[in-house]
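Last residue of the sequence shown: number 456 in the working numbering, and the count goes up by one each step with no gaps.
Beta carbons: idealized from backbone N, C-alpha and C, even for Gly.
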Amino acid sequence: MSHELKSESSDSQGLSKGIRKGRFKDGMNPFFAKFNASISFDKRLFVEDVEGSVAHVTMLGAMNIIPETDASTIRQGLAEILDDFLAGRFEFREELEDVHINIEEALKRKIGVVAGKLHTARSRNDQIALDLRLYLKKSSTLVMQYLADLMSTILDQADANIDLIMPGYTHLQRAQPVRLSHHLMAYFQMFKRDFERFRNALDRIDEMPLGSAALAGSTYNTDPVMVANLLGFSRISANSMDAVSDRDFAAEFLFDAALTMTHLSRLAEELIVWSSSEFKFCELPDAYCSGSSIMPQKKNPDACELIRGKTGRVYGDLTAILTVLKGLPLTYNKDLQEDKEPVFDTIDTIMGCLNIMTGVISEAVFDGSKMLEAASESYLAATDLADGLVRGGMPFREAHEKVGELIRKHEGTGIELKEIKLPSPEQMVESRIQPGGTARNSVISQIQAGRRFVGDISALLDSGNPERVIKRII
Ligand code: ARG
């Protein structure tokens, strides 16, 4: 057949036929082989795949499902394969479809037929579910580390700029004066919630599916709890059919990332607006801006614009995985291979964006006098004026109406409310002393609580550094 893949039949060791060897008479259509292969992207799961195999084969040996000597030979072979990979010596072959078969065939080349015992009591269906969980455990921890860095940077800027006063906005209309640090700390709260969401989602990722085999479990006397312990999982999956087809944890990770991107995008938008000629509230660092090829005066906030723009692709990744999942009957279906690229793309995007935003925030320079000038417009005192009337006994609704009338009378005359004794922006800010308010002490309390939070999570993140399973076992 002219469509037959040459390499399938011509491989002298007969290895590349791999899992097709028994069942299939004909080779794969070469276009379908390419279409079907996932090795170009699932090679990112190489380390996790080896780790999973090392734990699995250790359990097979310990439970006498295969002889201990074979288990040890396989472990050694896998260790060498991991070394080859880490040294950039591993040769990937597309005709071997995915990372699992690539590793298994490499093992066969290294240690011979005994390699075939590794796949006892498991299937690629539970294997890939395990790999992705291992990978997302590590990735979530990394994202959390990046979030902690961004939060620290926000705290530093809030601290350093505690005395700067700016207009706070609603509807992008100047509303009431606030401290810049109060505004920045609002973003701290968003990223804190994001951090908590990732931490919380780790609980759903932390479930060990190996042993579910293809879908129904296996006929061997396996010990999945032992595998879970070796790999650092706190529990095993409760239902083999769910275990091989569940990707909720990946969808959840993508949602958490999408919402984090929403927050990054909002902050990026603020920085773009604040650094514009119209506002001039801040100067973005040269290191994160670019120039125009035609207009020499321009300094463009590209880093922030890209963060805002890249938010779209993360939403796309979330939509992709939800759509892949929605029509799937139990259990494993090849559609699930489409889960990986959105996950990888989102990981790369969110880590890049968090890292860049941390740099932008840490070096942004705020112009206190420009902000104070904008916050000094007399109309910003309207609420405080009404509050003053209320303190004299007037019901708030009536006071609101009176001040409204006063403003309407003055509007268009070009005269501000100068003839009335108005509180200064500092006085207005300082009178908002309740917890979560914008007075100096309230903001300082927020910053202190923020520092405590970041201190606690940094200790947690340091202690959670995953040790390589393969190093521990061999
Ligand atoms: N490459 C596959 C994936 O990513 C691995 C699992 C293959 N399982 C199967 N029954 N074909 O989902």
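Other residues of its chain near LEU(-13): CB distance less than 7 Å, five sequence neighbours each side excluded: For LEU(-13), the pLDDT reaches just 40, beneath the cut-off of 50, and the residue's location in the model is therefore unreliable, although a value from the coordinates is still provided. Cβ neighbours of LEU(-13) beyond the five flanking positions: GLY9, MET10, PRO12, ALA15 and GLU77.
Member of HIS38, THR40, SER257 and ASP80 whose CA lies at the smallest distance from the CA of PHE17: ASP80
Near the ligand ARG: LEU116 beta-carbon under 7 Å from a heavy atom: no
Same chain, Cβ closer than 8 Å to LEU(-3), neighbours up to 5 away in sequence not counted: Per-residue confidence for LEU(-3) stands at a pLDDT of 39, beneath the threshold of 50, marking its modelled position as unreliable; the derived number appears in the next sentence. Hits under 8 Å: GLU87, LYS90 and ARG91.
Local Cβ density within 10 Å of ASN46, reported as buried at 16 or more and exposed below that: exposed
Rounded C-alpha distance that separates LYS120 from LEU100: 25 Å
Pair within 8 Å by beta-carbon distance, MET148 and ALA357: yes
Local conformation of GLN279 per DSSP, three classes: coil
Residues near LYS280 in its chain [Cβ-Cβ closer than 8 Å; skip 5 each side]: GLY273 and SER274
Heavy atom of the ligand ARG within 7 Å of LEU318 beta-carbon: yes
Touch test, the stretch 154 to 161 against the stretch 184 to 192, Cβ-Cβ under 8 Å, three pairs minimum: no
Length of the line joining the Cα atoms of ASN315 and SER227: 8 Å
Cα-Cα separation between GLN319 and PHE263, rounded to whole angstroms: 48 Å
Sequence-distant residues of the same chain with beta carbon closer than 8 Å to ASN423, five excluded per side: ILE415
Through-space distance from ILE254 to ALA195, alpha-carbon basis: 52 Å
Pick from SER200, SER351 and GLU449 that is closest to GLU408, judged by C-alpha positions: SER351
First and last residue of the uninterrupted beta strand (DSSP E) at THR152: 147 to 152
Host beta strand (DSSP E) of ARG161 (start-end): 155 to 161
Distance cut-off 7 Å: ILE303 Cβ against heavy atoms of the ligand ARG: no
Alpha-carbon to alpha-carbon, TYR270 and GLU30: 35 Å
ASP80 CB to nearest heavy atom of the ligand ARG below 7 Å: yes
When ILE48, ASN282, SER247 and ASN182 are compared against SER259, the one with the closest alpha-carbon: ASN282
Contact test: ARG75 Cβ vs the ligand ARG heavy atom, cutoff 7 Å: no
Opening and closing residue of the alpha helix (DSSP H) in which GLY334 lies: 322 to 345
Per-residue burial, GLU442 [other beta carbons within 10 Å of its own, 16 or more giving buried]: Checking the sequence, you will find Leu at residue 442 rather than Glu. LEU442 comes out exposed.
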